[in-house]
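Worksheet: the structure to be examined is printed underneath.
Number of protein chains: 2
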Amino acid sequence: MRKKMPHRLYVEYPLLKDDLVELSPEQSHYLANVMRAQPGDAVGLFNGHDGEWAAEVAQIKKKCVGLRVICQSKQQHSEPTLMLAFAPIKKARIDFVAQKATELGVSHLQPILTHRTNVERVKTDRMQANAVEAAEQCERLTVPTVSEPIKLGELLAYWPKDRMIMFCDEDLSGLTAHTALSQLPEEQKASPWAIIIGPEGGFDDTERAAIKANTNTIVVSLGPRVLRADTAAIAAISLWQSAVGDW
Amino acid sequence: MRKKMPHRLYVEYPLLKDDLVELSPEQSHYLANVMRAQPGDAVGLFNGHDGEWAAEVAQIKKKCVGLRVICQSKQQHSEPTLMLAFAPIKKARIDFVAQKATELGVSHLQPILTHRTNVERVKTDRMQANAVEAAEQCERLTVPTVSEPIKLGELLAYWPKDRMIMFCDEDLSGLTAHTALSQLPEEQKASPWAIIIGPEGGFDDTERAAIKANTNTIVVSLGPRVLRADTAAIAAISLWQSAVGDW
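As given, the protein sequences belong to chains A and B, one line each in that order. All residue numbers for the first sequence refer to our numbering, where the first residue is 106 and numbers rise by one. All residue numbers for the second sequence refer to our numbering, where the first residue is 106 and numbers rise by one.
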């Protein structure tokens, strides 16, 4: 919606005034060959904890672009802690979920294996790359972390006591998210949260029962129409952000 | 999320017990060749106003499958009136908006031409086809209508007195949607609504002023991160449905 800065890159270095940051071969290629950057061009840098820094292209060598860090342009600020736990879906749509969840402010992406999950392998490195790219484009100062897939049962077995769960159940028994989240006491709103989204075809009854048995679980309804898993994820994150997060 | 019926088709015929419905060549091809339906197979039919009907494959001829209508399986019910007015974006993402908006319950898709719109032609027939397919898959009983593009100024000039506007402004001046929509009197919540989403790069100042000048406009914020136009549309529809719609 808003205009973007021309170039904005995530790096894993500390960011300090006057430092020379050498970009990875991939980022160097992107900046030098795709964006055709020239010495002196402005670039924004962020690393997830030092805010955003204005930098400029200092040297363009083969396979390595160097940036001079000039000054901090945005301070780091705290963000809500929100895990999206979701059953992996096919490739194009998992890319999409990683991108949109990043735009919408999720802090952690956790693929879960369920009884009806039929995706064998989850390319978490590809999800992470999608998350980095989306964070660069949406002016986030952080990049969501991505975990290896875990069985739903194991995730629930070691669930942190203080982490709330927003569970979008398909049986329409829940309140609207709007109502359910409004009613919560402030300390629960401010807790770390997770949104749990089922696979296409839904969780089975034992899985649904296990999620609902967690005393931190808030069951919400996403309405009478059947949502695909990726749509449900985006809808749920939006509702959570507006009611409990930083929107 | 929930399990889908195996075949579910939108038709433009009235639906009456014992009628024989002849499908279009495209739907016949889909059912006979893609889904490999056999005589006697169950199919659900809906037409936007007669509810959903159970039918079965009665005859499979070259280029024409005939279905026998058996009985009404779901009654038609009223749905909220929600227009999504959005600046067209490039092809893959406009398909996506048409699909997701349908899943999320939008009743009318209205492409708008803005000062920063750089899409020349909008394939409204393609948008309509995407909407039909999504409605078939998400168990909706209706299909959103799709209008030809209109200039934002013209749309606003003939704005119906009773249609509310949810405007997701990028300057962060609005309340959260959660708060803004909760505060509305019931008769405004129950009005027809439109959600207006700007182009990539945003509306310009005169356009934003024109939207805000409408006395029916509620300005809401979608948070501090930059959302792409398609993400903003899905987020806004979700928030509206949960607070004011039928979720």
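By construction, the Cβ of each residue, glycine as well, lies at the ideal position given by its N, Cα and C atoms.
Judged by their CB atoms, GLU312(B) and THR219(B) are nearer to each other than the 7 Å cut-off. In the structure shown, THR229(B) adopts helical secondary structure according to DSSP, grouped into three states.
The three-state reading of DSSP puts LYS294(A) in helix, counting H, G and I together.
With 16 or more neighbouring CB atoms inside 10 Å of its own CB, LEU189(B) falls in the buried class. Residue-level contact by beta carbon fails for CYS169(A) and chain B, as no gap is shorter than 7 Å. Note that the stretch 152-160 of chain A touches the stretch 235-252 of chain A; at least 3 beta-carbon pairs, one per stretch, sit closer than 8 Å. Annotation for ILE217(B): the continuous beta strand (DSSP E) segment containing it runs 213-218.
In this structure, the alpha-carbon of VAL116(B) lies about 15 Å from that of HIS134(B). Using a Cβ-Cβ cut-off of 7 Å, ARG113(A) is close to nothing in chain B; its nearest Cβ partner there is about 10 Å away. For LEU125(B), the enclosing beta strand (DSSP E) has its first and last residue at 125-127. Among the residues of chain A, those whose CB is under 9 Å from the CB of ILE339(B) are LYS205, THR336, ILE339, ALA340 and SER343, following chain order. Within chain B, no C-beta atom comes nearer than 7 Å to that of CYS176(A); the closest sits roughly 21 Å away. At least one CB of chain A lies nearer than 7 Å to the CB of GLU208(B). Closest by C-alpha distance to ALA240(A), out of GLU208(A), LEU172(A) and ILE323(A), is GLU208(A). VAL148(B) has a beta carbon lying at 7 Å or more from every beta carbon in chain A. Below the 7 Å Cβ cutoff, chain B contributes GLY210, GLN346, ASP351 and TRP352 as neighbours of GLY328(A), in chain order. Close CB contacts of THR250(B) within its chain, under the 6 Å cut and outside five residues either way in sequence, are with HIS213 (chain order). In this structure, TRP158(B) sits away from LEU128(B), with a CB-CB distance that is not shorter than 7 Å. Not flagged as an interface residue toward chain B: THR250(A), since no C-beta distance is shorter than 7 Å. Residue environment for THR336(A): buried (at least 16 other C-beta atoms within 10 angstroms of its C-beta).
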